[in-house]
Structures are given as structure tokens and as C-alpha cells.
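To keep things clear, I will list the structure first and then write my remarks on it.
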Amino acid sequence: MDANDIAWCLLLFPLISAATILLGAKRWPGLSAVLSTGSALVAFGLGVAFLRLGEGAEVRSYPWIDLGEDLFRATIGLKIDPLSQGMMIVVTGVGALVHLFSLGYMREDAGKARYFAGLSLFMFSMTGIVLADNFAMMFVFWELVGVSSYILIGHWYEKNSAADAAKKAFLVNRIGDFGFMIGILLVWVLTGSIYFDQIAAAAGGVKNASLLNVAVLLVFCGAVGKSAQLPLHVWLPDAMEGPTPVSALIHAATMVAAGVYMLARVSFLVGTAEMAAHTIAWVGALTALAAALMATQQNDIKRILAYSTLSQLGYMIMAQGVAGGSDAGMFHLFTHAWFKALLFLGSGAVIHACHHEQDIWKMGGLRQKMPITFWTFAAGTAALIAVPLTSGFWSKEAILEAAHEDGMHLIYAVGILVAFLTPFYMTRLFVVAFLGKPRTDHAGHAHEVTPVMWAPLAILAVMAVFSAYSPIAHTLEARGHADFGHLHFGLTFWLSLAGLVAGVLGAVKLYRGVDADPVNIPVFARKFWLDEIYLFLVRVFQDFVGMILDAIDRYVVDPVFVRFPALCAMGGGYLLRLFQVGNLQGYAWLFGAGVVALVWLLIS
Numbered sequence: 248m249d250a251n252d253i254a255w256c257l258l259l260f261p262l263i264s265a266a267t268i269l270l271g272a273k274r275w276p277g278l279s280a281v282l283s284t285g286s287a288l289v290a291f292g293l294g295v296a297f298l299r300l301g302e303g304a305e306v307r308s309y310p311w312i313d314l315g316e317d318l319f320r321a322t323i324g325l326k327i328d329p330l331s332q333g334m335m336i337v338v339t340g341v342g343a344l345v346h347l348f349s350l351g352y353m354r355e356d357a358g359k360a361r362y363f364a365g366l367s368l369f370m371f372s373m374t375g376i377v378l379a380d381n382f383a384m385m386f387v388f389w390e391l392v393g394v395s396s397y398i399l400i401g402h403w404y405e406k407n408s409a410a411d412a413a414k415k416a417f418l419v420n421r422i423g424d425f426g427f428m429i430g431i432l433l434v435w436v437l438t439g440s441i442y443f444d445q446i447a448a449a450a451g452g453v454k455n456a457s458l459l460n461v462a463v464l465l466v467f468c469g470a471v472g473k474s475a476q477l478p479l480h481v482w483l484p485d486a487m488e489g490p491t492p493v494s495a496l497i498h499a500a501t502m503v504a505a506g507v508y509m510l511a512r513v514s515f516l517v518g519t520a521e522m523a524a525h526t527i528a529w530v531g532a533l534t535a536l537a538a539a540l541m542a543t544q545q546n547d548i549k550r551i552l553a554y555s556t557l558s559q560l561g562y563m564i565m566a567q568g569v570a571g572g573s574d575a576g577m578f579h580l581f582t583h584a585w586f587k588a589l590l591f592l593g594s595g596a597v598i599h600a601c602h603h604e605q606d607i608w609k610m611g612g613l614r615q616k617m618p619i620t621f622w623t624f625a626a627g628t629a630a631l632i633a634v635p636l637t638s639g640f641w642s643k644e645a646i647l648e649a650a651h652e653d654g655m656h657l658i659y660a661v662g663i664l665v666a667f668l669t670p671f672y673m674t675r676l677f678v679v680a681f682l683g684k685p686r687t688d689h690a691g692h693a694h695e696v697t698p699v700m701w702a703p704l705a706i707l708a709v710m711a712v713f714s715a716y717s718p719i720a721h722t723l724e725a726r727g728h729a730d731f732g733h734l735h736f737g738l739t740f741w742l743s744l745a746g747l748v749a750g751v752l753g754a755v756k757l758y759r760g761v762d763a764d765p766v767n768i769p770v771f772a773r774k775f776w777l778d779e780i781y782l783f784l785v786r787v788f789q790d791f792v793g794m795i796l797d798a799i800d801r802y803v804v805d806p807v808f809v810r811f812p813a814l815c816a817m818g819g820g821y822l823l824r825l826f827q828v829g830n831l832q833g834y835a836w837l838f839g840a841g842v843v844a845l846v847w848l849l850i851s
């Protein structure tokens with residue numbers, strides 16, 4: 248297979264799988280699962296082959312929209328470069344492992360065929376974003392990702408909470424996507440192109456700096472929605488209502504990383520818009536801090552990991568706004584994908600073994616009951632809290648160093664604070680859920696999951712610890728990775744190490760051997776009341792306005808402009824009907840009276 252065949256097969260294989268399941272194989276759930284998993288494994292193999300293609304390899308494009316060369320022309324084309332190659336390994340690698348895990352986790356699910364069709368559709372949508380060589384094509388697949396995530400989050404749609412979470416995710420993302428669409432149009436106006444290579448060549452020549460900043464911020468709106476940044480972050484924790492493998496695939500490794508990838512793809516634009524870049528960095532930093540604080544008071548194991556994802560995404564977005572930090576952000580995206588997918592799948596194994604219990608305070612003692620899950624979860628936790636020499640350590644250090652070198656001292660301080668909070672809340676989760684004694688019968692009777700579920704955990708555990716040392720990480724050209732084998736005992740290292748030690752020891756001291764949370768901070772537990780604030784705004788600006796408009800429609804428009812003319816017509820009809828007496832002499836008299844009246848009018 249040449250480069251063209253590999254690239255197009257990589258894009259189309261998941262689509263063929265989804266179409267086959269929905270159009271023919273849906274009645275056989277087992278076959279649907281095998282088809283979807285097989286397509287994911289083939290996609291991973293093609294992703295490895297794709298990794299070996301040289302940058303700029305010949306790939307055919309196909310006409311799509313053609314309004315003339317002077318107006319607008321768009322094609323369906325694929326881009327091959329280190330950025331797309333590295334991201335493709337993340338999408339297909341994590342996707343394949345999630346499919347394998349799902350074979351065990353969703354084995355008895357009534358909607359298994361629909362679930363695997365949704366996974367294949369999502370894989371198709373995500374590969375389209377990664378491979379797109381222009382904004383128009385990226386936006387189409389961007390929206391397809393939103394549709395497929397809606398399907399997967401709401402998989403158990405018979406539960407009101409799952410149906411509401413799917414709608415919330417879809418609607419919140421549409422807010423960000425509306426800004427993204429306007430930003431794309433504005434970039435086209437400013438640069439005359441929607442193709443990334445042509446935009447990169449024209450970006451430096453844009454004269455209107457203010458408008459360019461506005462365009463970049465509007466494009467950033469898409470990342471704010473998809474990567475769940477403040478203030479559009481509220482959909483991600485609720486999305487945990489979907490099956491746990493969905494959380495691992497969509498909300499840990501791929502979908503939420505799409506915003507980071509998009510910003511890295513247009514880093515040349517961000518670099519030319521200083522005000523927009525600073526805004527992006529601050530939004531990322533504040534999201535990282537707020538989400539970490541929220542995570543310290545959550546009790547649902549999946550929600551803790553969800554807020555952890557928000558916090559780490561904040562790190563990545565922050566890096567995209569820091570001068571020279573884009574590669575560091577992508578490096579952290581690459582390492583984070585493996586250990587966060589591991590943690591979500593590990594939480595799924597725990598939930599499965601504890602009879603779908605998700606409250607960490609109803610667990611405990613799982614170290615003896617689930618040794619494989621325990622050690623793999625420990626590996627993922629070590630990478631997330633940036634234990635030195637694990638993959639998460641190198642990528643987190645790269646982001647902090649980039650902020651320090653760019654002179655963003657306040658943002659750097661926020662990053663260091665988050666580096667303390669992350670070990671604190673993750674050690675809290677680990678100690679409460681895995682150590683001590685079982686707190687409930689479900690925890691006491693837990694058992695290790697089947698090999699089809701723990702095998703992906705073992706593979707991900709290796710990647711969680713060692714992914715930073717892989718050749719694929721070099722493909723992403725991560726900042727500082729070239730000399731990752733040499734520790735630099737500078738300010739960042741010592742501050743990060745101090746935060747790690749303080750966070751771990753503080754959590755062990757507080758939570759070891761206790762049966763209830765000794766810390767109660769309502770503002771963190773209630774997530775700064777942001778959901779309540781949104782509900783209030785909805786009631787004011789939607790429900791209240793809707794009530795007023797309903798009253799106007801009911802008591803003004805309907806009686807005055809609808810019913811009154813109708814009543815007039817009806818009354819006129821009744822009046823005229825009085826003259827329809829059915830008597831010839833009566834009609835003759837009325838005719839004569841009419842003639843007399845007409846003559847009188849003419850004379851007068």
C-alpha cells in the first residue's frame with residue numbers, strides 16, 4: 248500500500264464498520280462487536296504504517312465545494328506531518344484498547360450493537376479531524392464528533408441522567424462551535440484561504456492585528472467547548488453518565504484533546520496574536536486550578552478522574568498560549584492519553600467488580616481483591632501525579648519550563664500549585680478506594696476482572712510509565728524531550744518535587760484509615776456553584792423570557808390579531824345569512840331597495 252491508500256483506508260475503515268453494523272449486523276450483537284473491534288485493530292495497524300510515511304507524502308484530494316477560484320473552493324484532502332502522525336497513534340492506539348476492554352465490560356449490555364456502532368462512528372469522526380488539511384473539512388468532522396459523543400454519552404438513554412448529560416454535552420459544545428465557525432470565516436477573510444499551509448504563509452502579512460486577535464479568540468471558542476475549558480467545562484463531569492469505556496475513549500484521550508490538537512495545528516496563528524495567546528494561556532491556567540480544587544471534594548471515582556482530565560487539559564491549553572509551548576502541550580497530550588485512559592478503564596474495572604458502585608467511600612480493601620487492577624492503577628496514578636522518570640513527569644515539566652522561560656510568572660505559579668493539588672486528590676482516591684478494609688459488602692466480595700479487561704490495563708500501564716521514551720514522542724518534537732534523560736535540578740524540578748511530596752503525604756495523613764471525608768469545603772464540593780448559576784441564567788433568560796412571550800402570545804397576539812379578525816368574519820357571515828331567507832319576493836324587495844339606495848347615493 249502506498250501513502251495514499253494507507254491514509255484513505257485509515258479514514259474510511261471505521262466508517263465502513265459503523266455503516267455495516269447499522270445497516271446489516273445490528274441484529275447480531277456479537278458480530279457487531281467483532282466487526283467494530285476488528286476495524287479498530289486494523290486502524291491501529293494502519294496508524295503505525297501511517298507513522299512511517301514521510302512528511303508531505305503524496306495523497307490525493309477530492310473536490311467538494313467549488314464556487315470558482317475567485318470565490319471559494321474546498322476539497323477533501325488529508326495532511327501528513329509529525330503532528331497528525333503522532334495524534335493518530337493516540338486515537339487508534341487508545342481506541343483499539345478501549346474496544347478490547349469493551350468486549351468484556353459491555354458483554355451483557357442490551358444495546359451492545361448500537362454501542363459498538365457508535366464507537367466506530369466516533370473513530371471515523373476523530374480520524375477526520377486529525378487528517379483534515381483545511382478548516383472546512385475539520386469543522387465537518389468536528390461536528391460529527393459532537394454527534395457521536397451525544398450517541399455514546401446517552402447510550403443508556405432510559406436513565407434520565409444519561410439522556411440529560413448527552414443533551415447538555417451537545418448543547419454546550421454548540422455554543423463553542425458557533426464561535427469556532429465565525430472564527431473560521433474571519434480567518435478566511437483575513438488570509439484568503441481555509442487551508443492550513445496557505446494560512447500559515449499568509450498569517451504574517453495580516454495588517455489588522457486587532458481583527459486577527461478576534462479571529463484567533465473565536466477559533467479558540469471551539470477548543471473551549473470541545474476541550475471543556477472555563478466557562479464551558481460543565482458538560483464533561485456529567486458526561487460520566489455514559490459507559491466507562493466511553494469515558495476513557497472520548498473524555499480522557501481523544502475527543503477532549505481535539506481542541507488542543509486544533510490549537511497546535513494553527514499555532515502559527517496563535518503565535519501572531521499576542522493578546523489572544525495570553526488569553527488562551529490564562530483560560531487554561533484557571534481551568535487547571537479550578538478543576539483541581541473541585542476534584543479534591545468529589546466522591547464519585549469517575550467524577551474525580553473527570554475533573555482531573557479538566558485540570559490536565561488546562562495544562563495543555565495553557566501551553567498553547569505560551570511562546571514556544573505548543574509542542575510541550577502536544578507532548579503532554581500524548582503522555583496523558585495513555586495514563587488517563589488507563590485510570591478510566593481501571594475505574595471501570597473497579598465499578599464492574601463492585602456491582603456498579605462508584606462512591607469511593609463505599610469501596611476500600613481492593614488491593615487484595617484486585618491485585619492487577621491495583622498495580623496498573625498505581626502506575627497510572629504515578630504518571631498523573633508526575634513521579635520523576637514517569638512519562639507524566641517529563642511532559643508536565645516541559646509545560647512548566649515553557650511558562651517559566653516565557654516570563655509568565657503568575658501562570659507558572661498557578662501551574663506549580665496545580666502540581667501540588669494533583670498528587671493530593673489522586674492519593675486521596677487511591678488510599679480510600681484501594682487501601683484499608685472493605686467498607687461495604689460489594690467491596691468485600693469484589694474480584695479481579697477477566698483477562699479481556701485487564702490485558703488492556705497492563706498494556707496501558709506500560710505506556711503510562713514509558714510513553715515519553717518511545718520514538719513516537721520524538722515524532723511530536725516535544726519541547727525539552729530531546730534531553731529528557733538528563734534531569735535538570737532547577738527551580739521547576741524542586742518546586743514540582745516539593746508539591747508532589749507535600750500532596751502525597753498530606754493526603755495519606757488525612758485519609759488513611761478513615762471511613763468518612765474529614766475535609767468539608769462546600770464551595771469545592773458544589774463546583775463553585777457554577778451549575779446552579781447556569782440554571783439561574785437559563786431560568787432568567789430562557790424560561791422567564793419564554794413565559795413573557797407566551798403571555799403576549801396568549802393574551803395579545805392570539806385575541807387581537809388572530810381571534811378578533813376571525814370573529815369579525817364570523818359575525819359578518821351571520822349578518823349576511825339573515826338576508827338569505829329563501830323567498831323570491833324578499834330577494835326582489837332587497838334588489839329594489841339596493842337600486843333605490845344606489846340612485847340616492849349617486850344623486851347626493
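Residue numbers (our numbering): 248 to 851.
Built from N, CA and C at the ideal position, the CB exists for glycine as well.
Note that the coordinates shown come from a computational prediction; the quantities given were computed from them, not determined experimentally.
- The residue among VAL785, GLY351, THR438, ALA250 with its C-alpha nearest the C-alpha of LEU325 is ALA250.
- Annotation for TRP311: the continuous beta strand (DSSP E) segment containing it runs 309-313.
- Contact between VAL466 and GLY423 does not hold, since the beta-carbon distance rounds to 10 angstroms and is not under 8 angstroms.
- DSSP places ILE446 in the helix class (H, G or I) of the three-state scheme.
- For the pair of segments examined, the stretch 378-397 was found not to touch the stretch 337-351: the number of CB pairs separated by less than 8 angstroms stays below three.
- Residue environment: PRO618 is assigned as exposed (fewer than 16 neighbouring CB atoms within 10 Å of its CB, all protein chains considered).
- Assigned with DSSP and collapsed to three states, ASP778 falls in helix.
- With contact defined as three or more Cβ pairs closer than 8 angstroms, the stretch 756-772 and the stretch 547-554 are not in contact.
- Counting along the chain, ARG320 sits inside no alpha helix (DSSP H); it lies in the beta strand (DSSP E) bounded by residues 320-323.
- For TYR834, the enclosing alpha helix (DSSP H) has its first and last residue at 831-850.
- In this chain, the alpha helix (DSSP H) harbouring ASN407 covers 407-438.
- The residue from PHE681, LEU704, VAL699 with its alpha-carbon nearest to that of ALA693 is PHE681.
- By a beta-carbon distance limit of 8 angstroms, ALA715 contacts THR582. Their separation comes to about 6 angstroms.
- Taking a C-beta distance under 9 angstroms as the contact criterion, VAL507 and ILE564 qualify as a contact pair.
- Residue range 359-378 is occupied by the alpha helix (DSSP H) that includes MET373.
- Between ALA383 and TYR397, the beta carbon gap of about 22 angstroms keeps them out of contact (Cβ cut-off 8 angstroms).
- A direct Cα-to-Cα measurement between VAL463 and GLY315 gives close to 27 angstroms.
- When DSSP reads this structure, ASP606 sits in a beta bridge with ASP547.
- The Cβ neighbour count for ALA650, taken over all protein chains shown within 10 Å, is at least 16; the residue is labelled buried.
- Residue burial annotation: ARG299 is exposed, with fewer than 16 other C-beta atoms found within 10 angstroms of its C-beta.
- ASN251 carries a helical assignment under DSSP once its states are collapsed to helix, strand and coil.
- In the DSSP assignment, ASN381 forms a beta bridge with TYR442.
- The three-state reading of DSSP puts CYS256 in helix, counting H, G and I together.
- Burial is judged here by how many other beta carbons sit within 10 angstroms of a residue's own beta carbon; MET655 has at least 16 and is buried.
- With fewer than 16 other beta carbons inside 10 angstroms of its own, LEU814 counts as exposed.
- Per DSSP, reduced to three states, the secondary structure at PRO806 is helical.
- Using a Cβ-Cβ distance cut-off of 8 angstroms, the stretch 662-677 and the stretch 754-765 are in contact, since at least three pairs of beta carbons, one from each stretch, lie closer than that value.
- In the DSSP assignment, PRO484 falls within the unbroken alpha helix (DSSP H) covering 482-485.
- Just measuring C-alpha positions, the residue of LEU437, LEU657, ARG421, MET487 sitting nearest LEU533 is LEU657.
- LYS473: member of the alpha helix (DSSP H) spanning 456-473, first to last residue.
- Sequence-distant Cβ neighbours of THR438 in its own chain, meaning closer than 8 angstroms and more than five residues away, are GLN445, ILE446, ALA449, ALA450, VAL453.
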